[in-house]
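Engineer: Sequence order for the protein chains is A, B and C.
Per my numbering, numbering of the first sequence is gapless, rising by one per residue and ending at 405.
Per my numbering, numbering of the second sequence is gapless, rising by one per residue and ending at 190.
Per my numbering, numbering of the third sequence is gapless, rising by one per residue and ending at 1070.
For every residue, glycine included, the Cβ atom is placed at its ideal position computed from N, Cα and C.
Just so you know, these numbers come straight off a predicted model, no measurement behind them.
What follows is a structure written as structure tokens; I'll ask about it next.
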Amino acid sequence: MATGLHKSDFTNPVVRWIDARLPVFTMMQKEYGSFPTPRNFNYFWNFGALAMVNLLIMIATGIFLAMHYTPHVLYAFDSVERIMRDVNYGWLLRYVHSNGASMFFIVTYIHIWRGMYYGSYKAPRELLWMLGVVIFLLMMATAFMGYVLPWGQMSFWGATVITNLFSAFPVVGESIVTWLWGGFSVDNPTLNRFFSLHYLLPFVLFGVVFLHVAALHITGSNNPLGIDPKGPQDTLPFHPYYTFKDSVGLVVYFVVFAVLVFFLPNYLGHPDNYIPANPLVTPPHIVPEWYFLPYYAILRAVPDKLGGVLLMFGSIAVLFVLPWLDTSPVRSMRFRPIAKWFLLLWLVAFFVLMYCGGKPPEGIYVVLARVSTAYYFLYFLVLLPLLGRVERPLPLPESIARPVLRGGGPLPAGAVSKPMEKA
Amino acid sequence: MADSMVSHGAPPAAQDGETRRDFLFLVAGSFTAVGVGAIVWPFISSMNPARDVLALSTTEVDLAPVATGAAVTVVWRGKPVFIRHRTQKEIDEARAVPLNELKDPATDESRVKKPEWLVMVGICTHLGCVPLGQKPTDPKGPFDGWFCPCHGSAYDSSGRIRQGPAPANLVIPEYVFTSDTQIRIG
Amino acid sequence: MAGFGFPLRGGFGSPLRGGAGSALRALAVAAGLLAGGGLGASPALAAGEEVHLPDARFSFEGLFGTFDRASAQRGFQVYKEVCSACHSMRQLYYRNLRELGLSDAEVRAIAATVQVTDGPNDDGEMFERPGRPSDRFHAPFANEKAARAANNGALPPDLSVITKARENGPDYVHALLTGYEENPPEGVELMEGMNYNKYFPGHQIAMAPPLSGEGQVTFHDGTTATVDQMARDVTTFLAWAAEPEMEGRKAMGVKMILFLTILGGLAYAVKRKVWAKVH
């Protein structure tokens, strides 16, 4: 590659001067301006951008909360209450952060569902999908450790129960748990390291998000039809079309977020976490936050300690190999008349698991959880590989542009994939 | 983000209805700017002193144990406050100085509530060091007051800047005598 | 691909749906997830048998609800004269009472009624001084052990955030305070030192009925201090203590929703304009 200045297309002298030396403007223009994007996205495609915004909100509120929080077992609870009472807008920062975690999971779950329904995990986007699963795992770790920080009863007992999962592993289990705790019970060393990691992981997560987006911009986006764009008539420049479409979704997202923060700030939380942690008294009924309930139900569905732990980790791990479990050449479930219903049933099983995770592990809930757990794995490990071979998909459309244009006007000459005017 | 969206938001093939569209973009852009501002403000505000910090803004001091010629340092809002029980010599010195010799002119009378008690925030007005002069063994500088070791500012027995880089006199906090031997600062 | 042989039809009869339907679906999924979360969270709390709490209908409920200041002030009096003998409220400071409408002089006077340990003084000794507005509410016991020792081993919980720390908190506190029954129903064997309460989980509570009725507290505004009135007032006070930001929060929320509604309309209009040429 030749050395020297980058040949910039920008006309603004300041932008041009910077761009010639560090072509960030050219990169932004290429990746978010003129980037050719399938023209037929529906609003499900908003959720990636929403997740990105959500992550930024979490990092911003988190940094400002950390300015006031004290990671010590004697002061953590009081410092959170001080944030709620004395710090200017502290209650707002905290409620945005705690409900932001819930919003992040809502958005991410829909984003993942979008990928599952429209086959976004399939070739050539396998690595893109796997990076997404890594992001999901990092999110769960971060959320779990963040929930410990207020040092309420649920914080303490959640930390105790989840870290004890590792004790299920033979031989090394106990040592791992002691190592995680930095002691012989969840205590100040545990709180300190959880705070440290809770602050670190979002930035790691941000790095993986960058890779996720980079990989996306190599393969290009999937779309509701699951067929590849065949030329410029099938795509639109990302800006202004999808920047503005994402903005609409963003405002709707903010409305839901605002309803939670301002009117139901503790609706998704648990009252017991407003009781300071007490290592000698376990609350009568402990449950994780709502977004962990499906996995918690899987854990409890198995009557064996190690088996439950393995199955719970397996329920995430199976997502890593999903691209190879699905043997169908058709991406979008719109054209898979049978698989579509099995996938929708999987969604039902997921919600049943979420419901059972919040119920005491007895009676009908155990049965429901077991059936749903079985189906959860049956779908991935048996049905998907099999359906790809036996199912006869519906005819695929010829291209993205033509069905979309049905009944519409003629294709405007200038609107297709033409680079925008430079800033 | 909002601005950049607005500034080159018009699609390339803009034809008719351009004014109406531009107006719409302008309104939407303004609303977005207001929204962003509303989001940013709580973050900035959260770094200002919290209510518990503001509530601790008074300190009560009992002056009875401080002998003539002696000084005490108390803490008010996390800062040192110098309280000196001045001798008659120090008072006379401070009052003899003509105002036009001072960098930051102020009469000694305007800086005290009772002539023998001088109460000041003990922070050099240059860059925030704590001047020497409270302990009997400290150097008091050439004007029988305080001397800042960081950059050589010297204050007189009324706490006024007389020499060195500091621009202003030592600050007098708000205080009241709640009794003959008791003050409340703040 | 080979071997499936599905025909690629040239026509456009495939089941494609427009953008609007998709948007609705996206919203429905979001709503579903929210509902799912709610299902997961709330029933989980009702461990054991279901106890139905009567709805006390407080002034601070609902979208625009505010704290009844007079009631909360009376509630503080009930707390001070009755509850504070056993229950601490360590997250509150006397200065907070100004937000309930008490004057600065009243707050100073209330704070000065307690002795606070301060120090060390110049001799290295701790000393007692009258309380100031910047002091925390005085705690009845020095520590948890002392509290248990004085209460037959039971720990009177801190009341700072009690209405947030119980499911349906305000109704629960009000119900608990009015739910004592002198004679337990037949077949219920009370343990030593326990009292029967309709609304306490398990019905056996160590706290003796705290509110006895008229004469216990004399309200300055002439309100009759019935058990229900006192329970109501002290619950209002405790709800305020747990969420002092609530009024400002709801007011800000209403403004936010209004603003976002307009912004949403604008964003949609802009999006429509931008997309007009494509559709």
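(1) Counting only the same chain and skipping the five closest in sequence on each side, list residues whose C-beta sits under 7 Å from that of Arg899 of chain C.
(2) Please classify Arg21 of chain A as buried or exposed, where buried requires at least 16 neighbouring CB atoms within 10 angstroms.
(3) For His878 of chain C, which option in C:Val1061, C:Gly1044, C:Val1025, C:Glu980 has the closest C-alpha, if you only look at C-alpha atoms?
(4) In the DSSP assignment, find the unbroken alpha helix (DSSP H) run with Lys1041 of chain C in it and report its ends.
(5) Would you give the residue range spanned by the alpha helix (DSSP H) that Tyr91 of chain A belongs to?
(6) Determine, using beta carbons only, whether Asp56 of chain B comes closer than 7 Å to chain A.
(7) Would you give the residue range spanned by the alpha helix (DSSP H) that Phe220 of chain A belongs to?
(8) For Arg920 of chain C, name the three-state secondary structure that DSSP assigns.
(9) Anyone know if the C-beta pair for Ala997 of chain C and Ala945 of chain C falls short of 7 Å?
(10) Roughly how many whole angstroms lie between the Cα atoms of Lys341 of chain A and Leu288 of chain A?
(11) Hey, quick one: how far does the beta strand (DSSP E) through Cys183 of chain B stretch, first residue to last?
(12) Could you give the DSSP three-state label for Phe46 of chain A: helix, strand or coil?
(13) Once DSSP output is grouped into helix, strand and coil, what is the label at Val123 of chain B?
(14) For Ala110 of chain B, which residues of its own chain have a beta-carbon under 7 Å away from its beta-carbon, when the five flanking residues on both sides are left out?
(15) Could one say the Cβ of Ser49 of chain B lies closer than 7 Å to chain A's Cβ atoms, at least one of them?
(16) In angstroms with no decimal places, state the Cα-to-Cα distance between Val326 of chain A and Tyr358 of chain A.
(17) Output yes if chain B places a C-beta closer than 7 Å to the C-beta of Ala933 of chain C; else output no.
(18) Exposed or buried, Arg282 of chain A, counting other C-beta atoms within 10 Å across all chains shown (16 or more means buried)?
(19) Between B:Asp160, B:Leu28, B:Thr23, B:Phe181, which has its C-alpha nearest Leu103 of chain B's C-alpha?
(20) If I'm right that Leu218 of chain A touches Thr19 of chain A with Cβ under 8 Å, what's the distance once you round it to whole angstroms?
(21) State the Cα-Cα distance for the pair Ser50 of chain B and Val175 of chain B, rounded to the nearest angstrom.
(22) Can you look up Ala876 of chain C in the DSSP assignment and give me helix, strand or coil?
(23) Just to check my reading of the structure: Phe226 of chain A and Lys1062 of chain C have Cβ atoms closer than 8 Å, yes? What is that Cβ distance to the nearest angstrom?
(24) Cβ atoms of Asn943 of chain C and Gly774 of chain C: under 7 Å apart, would you say?
(25) Chain C beta carbons: is any one of them nearer than 7 Å to that of Ala59 of chain B?
(26) Does Ala32 of chain B come within less than 7 Å of chain C when only Cβ atoms are used?
(27) Taking Asn31 of chain B as the reference, which of C:Val1069, C:Gly1056, C:Gly960 has the closest Cα?
(28) Flag Arg889 of chain C as yes if its beta-carbon sits less than 7 Å from any beta-carbon of chain A, otherwise no.
(29) Taking the Cβ atom as the reference point for each residue, do Gly965 of chain C and Ala847 of chain C lie within a distance shorter than 7 Å?
(30) For Ala1032 of chain C and chain A, any beta-carbon pair shorter than 7 Å?
(31) For Gln995 of chain C and chain A, any beta-carbon pair shorter than 7 Å?
(32) Roughly how many angstroms lie between the CA atoms of Leu213 of chain A and Phe148 of chain A, to the nearest whole one?
(33) Starting from the beta carbon of Gly39 of chain B, find every residue of chain C whose beta carbon is closer than 9 Å, and list them in chain order.
(34) Taking DSSP as the reference, what is the three-state secondary structure of Gly134 of chain A?
(35) Helix, strand or coil, according to DSSP, for Phe86 of chain B in the structure here?
Structural biologist: On the basis of the data shown:
(1) As a working note, residue 899 of chain C is residue 108 in the third sequence. So the list reads Pro924, once near-sequence residues are dropped.
(2) Here residue 21 of chain A refers to the residue found at position 39 when the first sequence is read from its first residue. Buried, since its Cβ has 16 or more Cβ neighbours within 10 Å.
(3) Here residue 878 of chain C corresponds to residue number 87 of the third sequence, with the count starting at 1. Nearest of C:Val1061, C:Gly1044, C:Val1025, C:Glu980 to His878 of chain C, Cα basis: C:Val1025.
(4) On the third sequence, residue 1041 of chain C is found 250 positions in, with the first residue counted as 1. Segment 1037 to 1066, the alpha helix (DSSP H) holding Lys1041 of chain C.
(5) Numbered from 1 along the first sequence, position 109 holds the residue referred to as residue 91 of chain A. First-last of the alpha helix (DSSP H) with Tyr91 of chain A: 72 to 99.
(6) Residue 56 of chain B sits at position 52 when you count from the first residue of the second sequence. Closer than 7 Å: yes.
(7) Start at 1 with the first residue of the first sequence, and residue 220 of chain A comes out as number 238. Secondary structure note for Phe220 of chain A: its alpha helix (DSSP H) is the uninterrupted segment 220 to 245.
(8) On the third sequence, position 129 is the one that residue 920 of chain C refers to. In this structure, Arg920 of chain C counts as strand in the three-state DSSP scheme.
(9) By one-based count along the third sequence, residue 997 of chain C stands at place 206. By one-based count along the third sequence, residue 945 of chain C stands at place 154. Yes, the pair counts as a contact, with Cβ atoms nearer than the cut-off.
(10) By one-based count along the first sequence, residue 341 of chain A stands at place 359. By one-based count along the first sequence, residue 288 of chain A stands at place 306. Approximately 22 Å between the Cα atoms of the pair.
(11) For the purposes of this step, residue 183 of chain B is identified with residue 179 of the second sequence, where counting begins at 1. Residue identity differs from the one stated: residue 183 of chain B is Ser in this sequence, not Cys. Here the beta strand (DSSP E) through Ser183 of chain B covers 179 to 183.
(12) For this step, residue 46 of chain A is matched to residue 64 along the first sequence. The answer is helix: DSSP assigns Phe46 of chain A an H, G or I state.
(13) Here the question's residue 123 of chain B lines up with position 119 in the second sequence. If DSSP states are grouped into helix, strand and coil, Val123 of chain B belongs with the strands.
(14) For the purposes of this step, residue 110 of chain B is identified with residue 106 of the second sequence, where counting begins at 1. Exclusion of the five residues before and after Ala110 of chain B leaves Arg164, Asn173 as the residues of its chain whose Cβ lies within less than 7 Å of its Cβ.
(15) Walking along the second sequence from the start, residue 49 of chain B turns up at place 45. Chain A contact via Cβ: present.
(16) The residue labelled residue 326 of chain A in the question sits at position 344 within the first sequence. The residue labelled residue 358 of chain A in the question sits at position 376 within the first sequence. The sequence given here has Leu at residue 326 of chain A, not Val. So the two alpha carbons sit approximately 11 Å from each other.
(17) The sequence position of residue 933 of chain C within the third sequence is 142, counting from 1. Not closer than 7 Å to any Cβ of chain B, the Cβ of Ala933 of chain C fails to qualify, so no.
(18) The sequence position of residue 282 of chain A within the first sequence is 300, counting from 1. Burial call: buried.
(19) In the second sequence, the residue the question calls residue 103 of chain B occupies position 99. For the residues B:Asp160, B:Leu28, B:Thr23, B:Phe181, the minimum Cα distance to Leu103 of chain B belongs to B:Asp160.
(20) Here residue 218 of chain A refers to the residue found at position 236 of the first sequence. Here residue 19 of chain A refers to the residue found at position 37 of the first sequence. Right, the Cβ-Cβ distance comes to about 6 Å (below 8 Å), so this counts as a contact.
(21) Along the second sequence, one-based indexing puts residue 50 of chain B at 46. Along the second sequence, one-based indexing puts residue 175 of chain B at 171. Ser50 of chain B and Val175 of chain B: Cα-Cα distance of roughly 27 Å.
(22) To locate residue 876 of chain C, count along the third sequence from 1; it is residue 85. Helix, per DSSP.
(23) The residue given as residue 226 of chain A occupies position 244 in the first sequence. The residue given as residue 1062 of chain C occupies position 271 in the third sequence. At roughly 4 Å, the Cβ-Cβ gap stays under 8 Å, so Phe226 of chain A and Lys1062 of chain C are in contact.
(24) Chain C is shown from 792 up to 1070; residue 774 of chain C falls before or after that span and cannot be answered.
(25) Residue 59 of chain B sits at position 55 when you count from the first residue of the second sequence. With 7 Å as the cut-off, Ala59 of chain B counts as an interface residue toward chain C.
(26) Indexing the second sequence from 1 puts residue 32 of chain B at position 28. Output row for Ala32 of chain B: interface = yes.
(27) Counting from one through the second sequence, the residue named residue 31 of chain B turns up at place 27. A small correction: the amino acid at residue 31 of chain B is Val; Asn does not occupy that position in the sequence shown. Residue C:Gly1056 is the option with its Cα nearest to Val31 of chain B.
(28) Looking up residue 889 of chain C in the third sequence gives position 98. It does not: the Cβ of Arg889 of chain C has no partner Cβ on chain A nearer than 7 Å.
(29) One-based indexing of the third sequence puts residue 965 of chain C at position 174. One-based indexing of the third sequence puts residue 847 of chain C at position 56. In the sequence as presented, Gly is not what sits at residue 965 of chain C; that position holds His. In this structure, Ala847 of chain C lies closer than 7 Å to His965 of chain C by Cβ.
(30) Along the third sequence, read from residue 1 onward, the residue named residue 1032 of chain C stands at position 241. For Ala1032 of chain C, no Cβ of chain A is located within less than 7 Å of the residue's own Cβ.
(31) Within the third sequence, numbered from 1, the residue matching residue 995 of chain C stands at position 204. With respect to chain A, the C-beta atom of Gln995 of chain C has no partner C-beta closer than 7 Å.
(32) On the first sequence, residue 213 of chain A is found 231 positions in, with the first residue counted as 1. On the first sequence, residue 148 of chain A is found 166 positions in, with the first residue counted as 1. First, the amino acid is wrong: residue 213 of chain A is Gly here, not Leu. Those two C-alpha atoms are separated by around 51 Å.
(33) Taking the second sequence and counting its residues from 1, the one referred to as residue 39 of chain B is at position 35. The contacting residues are Phe1050, Leu1051, Leu1054.
(34) Position 152 of the first sequence, counted from the start, is the residue given in the question as residue 134 of chain A. Residue state, collapsed to three classes: strand.
(35) Counted from its first residue, the second sequence places residue 86 of chain B at position 82. Strand.
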